[in-house]
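Participant: Starting off with a structure, shown below.
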Amino acid sequence: MKNIEVKGAKQHNLKNIDVIIPRDKLTVITGLSGSGKSSLAFDTLYAEGQRRYVESLSSYARQFLSVMDKPDVDHINGLSPAISIEQKSTSHNPRSTVGTVTEIYDYLRLLYARVGTPFCPDHGISLESQSIDQIVDKLFKDEENERAIILCPIVSQQKGEHLILLNDLKVRGFIRAKINGEIIDLDNLPQLNKNKKHDIDIVIDRLSISKKNKSRISESIETALRESDGIVTISFLDESKKDITFSTKMACTECGFSIASLEPRLFSFNSPSGACDDCDGLGQKSQVDRRKVIVRPELSLNQGAIEGWDSSQMYHHYLLNRVAKHYGISLDEPFEDLSENIKEKILNGSSGEIIDFSYVSKRGNLRESFKPFEGVLNNIDRRFRESESAFSREYLSKYMTNTVCMSCEGSRLNKEARSVKIDGKELWDITNMTIDDCLDFFNNLNLKGKKGAIAEKVVKELKERLKFLSDVGLNYLTLSRSAETLSGGEAQRIRLASQIGAGLVGVTYILDEPSIGLHQRDNKRLLSTLFRLKDLGNTVIVVEHDKETIECADHIIDIGPGAGIHGGFVSFAGNYKEILKQESSLTGQYLSGKKDIKIDKFEKSEKGSLCIKGCNGNNLKNVNLNLPLGKIISITGVSGSGKSTLINQTLYPALANKIQKSNYDCQEFENISGEKKLDKIIEISQSPIGRTPRSNPVTYTGIFTPIRELFSETEEARARGYKPGRFSFNVKGGRCETCQGDGLIKVEMHFLPDVYVKCDVCDGKRYNKETLEVKFKGKNIFEVLDMNVEESLKFFDSIPTIKRKLQTLYDVGLSYIKIGQPATTLSGGEAQRVKLAKELGKVATGDTLYLLDEPTTGLHFHDVNLLLKVINKLNEQGNTVVIIEHNLDVIVNSDWIIDLGPEGGSGGGEIIGEGTPEEISKIKKSHTGRFLKEMLN
18 MKNIEVKGAK
28 QHNLKNIDVI
38 IPRDKLTVIT
48 GLSGSGKSSL
58 AFDTLYAEGQ
68 RRYVESLSSY
78 ARQFLSVMDK
88 PDVDHINGLS
98 PAISIEQKST
108 SHNPRSTVGT
118 VTEIYDYLRL
128 LYARVGTPFC
138 PDHGISLESQ
148 SIDQIVDKLF
158 KDEENERAII
168 LCPIVSQQKG
178 EHLILLNDLK
188 VRGFIRAKIN
198 GEIIDLDNLP
208 QLNKNKKHDI
218 DIVIDRLSIS
228 KKNKSRISES
238 IETALRESDG
248 IVTISFLDES
258 KKDITFSTKM
268 ACTECGFSIA
278 SLEPRLFSFN
288 SPSGACDDCD
298 GLGQKSQVDR
308 RKVIVRPELS
318 LNQGAIEGWD
328 SSQMYHHYLL
338 NRVAKHYGIS
348 LDEPFEDLSE
358 NIKEKILNGS
368 SGEIIDFSYV
378 SKRGNLRESF
388 KPFEGVLNNI
398 DRRFRESESA
408 FSREYLSKYM
418 TNTVCMSCEG
428 SRLNKEARSV
438 KIDGKELWDI
448 TNMTIDDCLD
458 FFNNLNLKGK
468 KGAIAEKVVK
478 ELKERLKFLS
488 DVGLNYLTLS
498 RSAETLSGGE
508 AQRIRLASQI
518 GAGLVGVTYI
528 LDEPSIGLHQ
538 RDNKRLLSTL
548 FRLKDLGNTV
558 IVVEHDKETI
568 ECADHIIDIG
578 PGAGIHGGFV
588 SFAGNYKEIL
598 KQESSLTGQY
608 LSGKKDIKID
618 KFEKSEKGSL
628 CIKGCNGNNL
638 KNVNLNLPLG
648 KIISITGVSG
658 SGKSTLINQT
668 LYPALANKIQ
678 KSNYDCQEFE
688 NISGEKKLDK
698 IIEISQSPIG
708 RTPRSNPVTY
718 TGIFTPIREL
728 FSETEEARAR
738 GYKPGRFSFN
748 VKGGRCETCQ
758 GDGLIKVEMH
768 FLPDVYVKCD
778 VCDGKRYNKE
788 TLEVKFKGKN
798 IFEVLDMNVE
808 ESLKFFDSIP
818 TIKRKLQTLY
828 DVGLSYIKIG
838 QPATTLSGGE
848 AQRVKLAKEL
858 GKVATGDTLY
868 LLDEPTTGLH
878 FHDVNLLLKV
888 INKLNEQGNT
898 VVIIEHNLDV
908 IVNSDWIIDL
918 GPEGGSGGGE
928 IIGEGTPEEI
938 SKIKKSHTGR
948 FLKEMLN
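This is the structure we're talking about:
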């Protein structure tokens, strides 16, 4: 079949649509947020493709795989096995890195095990094991006809008289020994100073290295190796020649440092063979952070300078009381005014000094206790490590911070694994390079002879996989980067690169906005990757809003015309030239220029500036950031140029710590000024609005409280004595107790992932029968939470307090989401817009700084237009809005642009331009400027 034919798709809001998708082509599915794109791509095509494949397997194999529900569709023809590549974080496992996820690390382990050379970490001597024959051959090749002494080293730099050892050697028939560089007869032993370090070697033989002595040399070397556990030293009578040491083990001839045979597991930080003993292969350790314990040093110990040790905490406060009495200090004195010596005693302990901790029990008996004080920091650390309670560990973890492991310096590997090098580089050095630098290293690696032949295939595989990562715009990442720190877009592109490496053919690939987080410059490389996937013989279906991707597609499907109940139809199906002429397609109108994205500019008064100087976190190079207040500011630059480091990891925590007295970890900077002109700073990120299904848009925005109050004021509720709490699914009373208000029951599957099934008591409605009998305007509380924002607006039209907050959700383009939709089902972009809606519902102060990280993620052109109007509304109130963004429509509508670069990773970290869009477009070395110039022209 040439096409995938979908007939009668009715999944979610799809309106019984028929779709034809050409096989072995690149198809883009586009449309408004909530129009039904994902319902078609993922919930219909992918679900059916995966279901058919899994059902073709044996019943034994199927029990280990999760089978998706059959989608609501009449039939699909021509569908091949489907692979979905979505924007989900790859892993929350701290052991997972870019290298392990892409399997590049496995190839590196194999390479280092087969062609790596171990070195002594202290002496820099290469450790190579040699057989007796190899040692003899080496001597005849380099030292033939030289007179030599064959020595067996048995003591190296050790204190003592060594009398027992020397007498034992004499009894066993040895005649001479070389002691501290001098050959001595064992019958005339000197008295050795037991307080000095000595070197002792047994003299095995003295001879000339000649062919007639070959068998004698072999026997002597064998004896020496046996006595010294694998080491033999050849000393020459010609004093101008240096001694030579050989080893049959991989051991240092100077200090004895040895390493077992090189195997791939030695280089795995997930294996006891290779993991650092101190941090167990994590590369970092949890330590108590003094700053998190002493939150308010201006307070006294009685007032709570040390959180959890104030007068309300009887046991811990009693300990401080006894310490204070012992050192003669007052608990009412501000902590910051205490001497450094006393602070040290309180925080780190009394250093063995005995303190009286005696007390009188409840029964009036004196309990004597005299012991050193362990210190507040040590106490917290001990409780954290010893506690078996998850609650206690979570509570104490707020005082902890992760620091780089001092033993392995963050490499995760033990001393033995770190001693192995290829071309002067440890494995850690390779994984710490950017993808591009790593690629350069292997392109220039020149291993000769046997090692070169062994490494050839592995290096070829490494270069291919690194090239795939570079091609999808991830050239700035390092292989050591933790997978849990990757954005959804980065994680998706890593999986995309892995799929290309897999080389599968005849598969239907379904991708969710792969261009997210990519600068326009990197888009072409991503597109060429998608074409490569297609050219292998695969069907590539992409849910996308990016103009360039739509333009390059072989086939375009526009779902619309609106969102939610107004969507679910096919507005257009065809190629790029055809969609430009399609009047009924909203996408076509924006692509053709009939509609454009712009906001109404207004005159903005000068409000001064905010300045943070000397920013040096990650790849930043002493950056001085100057933000004009009261404006919309875009922070731009290619992926990995330092935008997130500058704004999310430096500016935000620095301001929050100053203005809101927070205690965030912050990247390095020198000073900050102008913060007094702001009253608060709000970061509107794409992190979930809640971690459990109990959190939803109405609980987050505060709409649920007036809704519950409304239900409690109905005639039926008053007659039954129901209060607002009755209508909460978080407390006992009104909720279904079988599922505890979740609507779902968790079934533990032991070695398989947990399965959630609908509660059969409440039928997934979360409330008990009595609560659901109470109705407002004909709907019960479950039915109200099951409405979307647009329906809710009409339903609560006469309730101003509720309507005003619902209107903000509608204004940010979320008309289609259900007001009780679990937070865990919202995308990052949707979660961010819910947060924006909450801010819009607040009373404006005009002195707030808003930070947004790529708010256009997942947004159609029309949704971007709506978002810009919302941002403009925040700005009209006098607030400053800082946006990290790649979307040119947002950038060109900004008042001010700060462009970082010029490249990603080590090639970035500098401000290469700041000014209006017109000014940035004139900067030649700015990649953003180049695309702005095209757009402005």
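Numbering (our numbering), first residue to last: 18 to 954.
Backbone N, C-alpha and C define an ideal beta-carbon position, used for all residues, glycine too.
These numbers were taken from a predicted model, which means no experiment stands behind them.
In whole angstroms, what separates the C-alpha of Q703 from that of T653?
Facilitator: Roughly 18 angstroms between the two C-alpha positions.
Participant: Which runs of the beta strand (DSSP E) fall wholly inside the region 74–108 and span at least 3 residues, in chain order?
Facilitator: 90–94 and 99–102, all fully within the region 74–108.
Participant: What residues are listed by DSSP as bridge partners for K796?
Facilitator: Partner(s): F793.
Participant: So is N205 buried or exposed if we call it buried at 16+ other beta carbons inside 10 Å?
Facilitator: Classification of N205: exposed, given that the 10 Å Cβ count is below 16.
Participant: May I ask which residues mark the beginning and end of the beta strand (DSSP E) holding K388?
Facilitator: It spans F387 to P389 - the beta strand (DSSP E) in which K388 sits, taken as one unbroken run.
Participant: Can you list the beta strand (DSSP E) stretches of 3 or more residues lying completely in the region 340–399, in chain order?
Facilitator: List check, beta strand (DSSP E) in window: 371–373 and 387–389.
Participant: Grouping DSSP H, G and I as helix and E and B as strand, with all else coil, what is I712?
Facilitator: According to the sequence as given, residue 712 is Ser; it is not Ile. Residue state, collapsed to three classes: coil.
Participant: I'd like the list of long-range same chain contacts for V899, defined as Cβ closer than 6 angstroms, with 5 residues on each side in sequence excluded.
Facilitator: I650 and L868.
Participant: In the structure shown, what three-state DSSP assignment does M952 receive?
Facilitator: Note: M952 maps to helix in three-state DSSP.
Participant: Straight-line CA distance for V118 to G141?
Facilitator: Whole-angstrom Cα-Cα distance: 33 angstroms.
Participant: In or out: T8 buried (at least 16 other Cβ within 10 Å) or exposed?
Facilitator: Because the chain here runs from 18 to 954, residue 8 falls outside it and cannot be looked at.
Participant: Roughly how many angstroms lie between the CA atoms of G51 and K598, to the nearest whole one?
Facilitator: Each residue's Cα considered, the two are about 24 angstroms apart.
Participant: Short check: CB of R282 to CB of S275, under 7 angstroms?
Facilitator: Not a contact, by the Cβ cut-off of 7 angstroms.
Participant: Name the DSSP bridge partner or partners of Y867?
Facilitator: Its beta-bridge partners are I699 and V898.
Participant: How big is the Cα-Cα spacing for D539 and L949?
Facilitator: Approximately 15 angstroms between the Cα atoms of the pair.
Participant: Taking the Cβ atom as the reference point for each residue, do A500 and S101 lie within a distance shorter than 7 angstroms?
Facilitator: Not in contact: A500 and S101 (Cβ atoms no closer than 7 angstroms).
Participant: Quick check: what's the CA-CA separation for K694 versus S729?
Facilitator: Rounded to whole angstroms, K694 to S729 spans 44 angstroms at the Cα level.
Participant: Which term fits P817, buried or exposed, when burial requires 16 or more other beta carbons within 10 angstroms of its beta carbon?
Facilitator: Flag for P817 reads exposed.
Participant: Is the beta carbon of R783 within less than 6 angstroms of some heavy atom of the ligand COA?
Facilitator: Judged by which ligands are present, the structure shown has none, so any question about the ligand COA falls away.
Participant: For D571, which residues of its own chain have a beta-carbon under 6 angstroms away from its beta-carbon, when the five flanking residues on both sides are left out?
Facilitator: For D571, where only same-chain residues beyond five positions count, the Cβ hits under 6 angstroms are K42 and L43.
Participant: Determine the extent of the beta strand (DSSP E) in which G9 is found, giving its start and end residues.
Facilitator: With the chain covering 18 to 954 only, the question about residue 9 has no answer from this structure.
Participant: For I914 and M423, I'd like the C-alpha separation in whole angstroms.
Facilitator: One C-alpha to the other measures close to 40 angstroms.
Participant: With C-beta atoms as the reference, is T546 less than 7 angstroms away from G116?
Facilitator: No. Outside cutoff.
Participant: Ignoring anything shorter than 4 residues, give me the alpha helix (DSSP H) runs that lie fully in the region 26–56, in order along the chain.
Facilitator: Counting whole runs of 4 or more residues, the region 26–56 contains no alpha helix (DSSP H) stretch at all.
Participant: Distance, Cα to Cα, I21 vs S532?
Facilitator: Answer to the nearest angstrom: the Cα atoms are 25 angstroms apart.
Participant: How is the beta strand (DSSP E) around D556 delimited, first residue to last?
Facilitator: The question names Asp, but residue 556 in the sequence shown is Thr. Segment T556 to V560, the beta strand (DSSP E) holding T556.
Participant: Do N643 and E685 count as a contact pair if the criterion is CB distance below 7 angstroms?
Facilitator: For E685 and N643, no; Cβs fall outside 7 angstroms.
Participant: Give the straight-line distance between the Cα atoms of S227 and S237, rounded to the nearest whole angstrom.
Facilitator: Whole-angstrom Cα-Cα distance: 14 angstroms.
Participant: Around the Cβ of G647, are there at least 16 other Cβ atoms within 10 angstroms (buried) or fewer (exposed)?
Facilitator: Counting Cβ neighbours within 10 Å, G647 comes out buried, since at least 16 surround it.
Participant: Could you spell out where the alpha helix (DSSP H) holding I238 opens and where it closes?
Facilitator: Unbroken alpha helix (DSSP H) run through I238: K231 to E244.
Participant: Is L491 near F459, with beta carbons less than 7 angstroms apart?
Facilitator: No.
Participant: Let me know the alpha helix (DSSP H) ranges lying completely inside the region 626–689, each 4 residues or longer, listed in chain order.
Facilitator: Segments of the alpha helix (DSSP H) lying fully in the region 626–689: 660–663 and 669–676.
Participant: Could you tell me if E902 is buried or exposed, where buried requires 16 or more neighbouring beta carbons within 10 angstroms of its beta carbon?
Facilitator: That one is buried.
Participant: Beta carbon of D575, beta carbon of T47: below 7 angstroms?
Facilitator: The answer is yes: Cβ separation under 7 angstroms.
Participant: In whole angstroms, what is the alpha-carbon distance linking K432 and C293?
Facilitator: Whole-angstrom Cα-Cα distance: 7 angstroms.
Participant: Measuring only the C-alpha atoms, how far is L462 from V437?
Facilitator: Answer to the nearest angstrom: the Cα atoms are 16 angstroms apart.
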